[in-house]
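S.K.: Here it is, the structure, as structure tokens.
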């Protein structure tokens, strides 16, 4: 067996480690950061501790506050133009997957030029951009540990997947304390997103022994804590485990791949403006049920690690319990169907052919244990409309 792995050069975990940004910059030999975040995090004071730490260390930083919830081409171009107003040797991304994904795209364009559409899959970008230091504020995307970014082409309503080692942050500060004030809806959506990463990384046709280790560790950390943080956002232990699990899941799928859920989810986000984690959640039970015959043993292992099936049960029974549990999580965490979210049936049906085309073009469905035909993907989208 031959495979490759990639990790950030340095990662720190624990309560309060986000305040160690100056020390991390010094460790890597960087001193002129361009900090990308969003205005909400700035206005509510979430960056105050980091700003104070940088000031005390005598590090002059420039702050860009206009990242958007679903990064698109115009927002990337605005950030790039702002970065180029001064000389910066790195980008610090503070926020959820959107600021981190935005920073990755800007970092590559700052060094290599061109348009972000030049870099979309199947192009593989391994030549490094500016160094990125990620400080995640959500336990979900795992983007602090992945070699991917997703940027929306607003002219084509397409979520462009960009891949390669260039998008892997050089460092990450994973501080679960910054997630304590997250609202329940965001907590649920990002948590299910992380669980989806872990499951898909484990069942992917591109899984490796290394990705397996991180995927199973992620499932074990995330599954018992989703409902706990939904019920009590101040549950420190559950928050910490979700944060660890999200990063483990990021490592896992960065060194394996995502599969059909993500392939079908991105077009939903692009065309109907459904947040990424929520569109994954809408699809996860249905697509798992479809995909499981392609690798019953691996899906059964997921069920057992989640604690919903015992080691003595047969694999088919374990898979059934897994599908039931994923549907139950959606119910308990109030995940809506596209229909309940407010999408009209007519518009959904109209866009299915385009969504299928874009899903296939992303390459993710080809990693699935059971690779769907176009007709099967059409049917899955139709079923998904009323499920959630």
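In the numbering used here, the protein residues as written are -16 to 371.
We treat Cβ as the ideally placed atom computed from N, Cα and C, and that holds for glycine.
Since the structure is predicted, the reported quantities are computational estimates derived from the model, not experimental observations.
Is it right to say residue 257 is buried, meaning 16 or more other beta carbons lie within 10 angstroms of its own, or is it exposed?
M.R.: That one is buried.
S.K.: What is the DSSP secondary structure of residue 188, reduced to helix, strand or coil?
M.R.: Correct three-state label for residue 188: coil.
S.K.: Return the first residue and the last residue of the beta strand (DSSP E) that residue 219 is part of.
M.R.: Where residue 219 is concerned, there is no enclosing beta strand (DSSP E), although the alpha helix (DSSP H) it sits in stretches over 219 to 237.
S.K.: With C-beta atoms as the reference, is residue 87 less than 8 Å away from residue 120?
M.R.: Taking 8 Å as the Cβ cut-off, residue 87 and residue 120 do not qualify as a contacting pair.
S.K.: Would you be able to state if there are at least three C-beta pairs under 8 Å between the region 69 to 89 and the region 104 to 111?
M.R.: No, they do not touch.
S.K.: For the structure I just gave you, are there three or more beta carbon pairs, one from the region 128 to 148 and one from the region 229 to 249, closer than 8 Å?
M.R.: Because the criterion of three Cβ pairs below 8 Å is met, the region 128 to 148 and the region 229 to 249 touch.
S.K.: By a C-beta neighbour count over all protein chains shown, 10 Å radius and 16 as the cutoff for buried, is residue 334 buried or exposed?
M.R.: Buried: at least 16 other Cβ atoms inside 10 Å.
S.K.: Give the secondary structure of residue 16 by DSSP, where H, G and I count as helix, E and B as strand, and everything else as coil.
M.R.: In this structure, residue 16 counts as strand in the three-state DSSP scheme.
S.K.: Within a Cβ cutoff of 7 Å, which residues of the same chain sit near residue 161, ignoring the five residues on either side of it in sequence?
M.R.: These residues qualify, in order along the chain: 1, 29 and 120.
S.K.: Note the first and the last residue of the continuous beta strand (DSSP E) segment covering residue 78.
M.R.: Its beta strand (DSSP E) spans residues 73 to 78.
S.K.: Please classify residue 31 as buried or exposed, where buried requires at least 16 other C-beta atoms within 10 Å of its C-beta.
M.R.: The residue is exposed, with fewer than 16 neighbouring Cβ atoms inside 10 Å.
S.K.: Are three or more beta carbon pairs between the region 355 to 364 and the region 278 to 292 nearer than 8 Å?
M.R.: No, the region 355 to 364 does not touch the region 278 to 292.
S.K.: Counting only runs that start and end within the region 69 to 119, where is the beta strand (DSSP E) found for 3 or more residues in a row?
M.R.: Counting only runs of 3 or more, we get 73 to 78 and 115 to 119.
S.K.: DSSP puts residue 365 in a beta bridge; with which residues?
M.R.: Looking at the DSSP assignment, residue 365 forms no beta bridge with any residue, so it has no partner.
S.K.: Rank 309, 241 and 337 by C-alpha distance to the C-alpha of residue 250 and give the top, closest one.
M.R.: When each option's Cα is compared against that of residue 250, the closest is 337.
S.K.: Please determine, among 367, 302 and 341, the residue with the shortest C-alpha to C-alpha distance to residue 328.
M.R.: Of the candidates 367, 302 and 341, the one whose C-alpha sits nearest the C-alpha of residue 328 is 367.
S.K.: Can residue 99 and residue 134 be called in contact, C-beta distance under 8 Å?
M.R.: For residue 99 and residue 134, yes; Cβs fall inside 8 Å.
S.K.: Taking the alpha-carbon positions, what's the residue 253 to residue 295 distance?
M.R.: Looking at the two C-alpha atoms, the distance is approximately 43 Å.
S.K.: Note down, in chain order, each residue of its chain lying with its Cβ closer than 8 Å to the Cβ of residue 59, except the 5 sequence neighbours on either side.
M.R.: Counting only Cβ-Cβ distances below 8 Å, and skipping sequence neighbours, we find 85, 88, 89, 92, 99 and 134.
S.K.: By how many angstroms is the C-alpha of residue 248 removed from the C-alpha of residue 319?
M.R.: Going from the Cα of residue 319 to the Cα of residue 248 covers about 14 Å.
S.K.: DSSP state of residue 47, grouped into three classes?
M.R.: If DSSP states are grouped into helix, strand and coil, residue 47 belongs with the strands.
S.K.: I need the straight-line Cα distance from residue 344 to residue 23, nearest angstrom please.
M.R.: Taking the straight line joining both Cα atoms gives about 34 Å.
S.K.: Give me the DSSP bridge partner(s) of residue 136.
M.R.: In DSSP, residue 136 forms a bridge with 141.
S.K.: Consult DSSP for residue -13 and reduce its assignment to one of helix, strand or coil.
M.R.: Residue -13: coil per DSSP, three-state reduction.
S.K.: Look up residue -5 in the DSSP assignment and say whether it is helix, strand or coil.
M.R.: In the structure shown, residue -5 sits in a strand (DSSP, three-state: E or B).
S.K.: So is the beta-carbon of residue -6 under 7 Å away from any non-hydrogen atom of the ligand SAH?
M.R.: With respect to small molecules bound, the structure shown includes none, and the ligand SAH cannot be examined in it.
S.K.: Could you pull the start and end residues of the beta strand (DSSP E) that residue 157 belongs to?
M.R.: 154 to 157 is the span of the beta strand (DSSP E), which, as asked, contains residue 157.
S.K.: With respect to the alpha helix (DSSP H) encompassing residue 345, which residues constitute its N-terminal and C-terminal limits?
M.R.: Note, residue 345: alpha helix (DSSP H), 328 to 345.
S.K.: Within its chain, find whatever has a CB closer than 6 Å to the CB of residue 184; leave out the 5 residues flanking it on each side and keep chain order.
M.R.: 194, 198, 235, 236 and 239.
S.K.: Run the CB neighbour count on residue 54, radius 10 Å, all protein chains shown included, and call it buried at 16 or more, exposed below.
M.R.: With 16 or more Cβ atoms within 10 Å of its Cβ, residue 54 is classed as buried.
S.K.: Suppose the cutoff is 6 Å on Cβ atoms and the five residues either side in sequence are ignored; what does the same chain contact list for residue 352 look like?
M.R.: Excluding residues within five positions, the ones whose Cβ falls inside 6 Å are 186, 274, 277 and 278.
S.K.: Counting pairs of Cβ atoms below 8 Å between the region 304 to 313 and the region 218 to 229, do you hit three or more?
M.R.: Not touching, per the Cβ criterion.
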